[in-house]
Amino acid sequence: MENLLQQILQEIQRLKEDVRQVNQNQLLLNENQHQMSHQINAIHQSVVRIEDGQPKDIFALLEKIHHNFLDKDAEIAALNKRVFRLETDIEKFNRQ
């Protein structure tokens, strides 16, 4: 009888240890889930910041392209005037 009680106590001890281990694993799992949730939230915020910044970046690039076109237009206009003057001078010399 005492031997049977001893075996039951040992089995209860093993069960208690198993329950403790399960509880520890559950705590670790909950902590990992919390960390993953935090990391996912941080990634989401980064993506939102990038998406918010894209239109500003595109606008800045378009502004730069526009200014480059204006600069080139002014240069082309100046060259056209010089070519026109040269053509006019050549015409004058051809008529003489």
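Numbering (UniProt numbering), first residue to last: 1 to 96. Idealized CB from N, CA, C, for every residue including glycine.
Between the alpha carbons of Leu15 and Asn30 lies a distance of about 22 Å. For Met36, the enclosing alpha helix (DSSP H) begins and ends at 2-95. If you draw a straight line from the Cα of Leu5 to the Cα of His44, it comes to about 58 Å.
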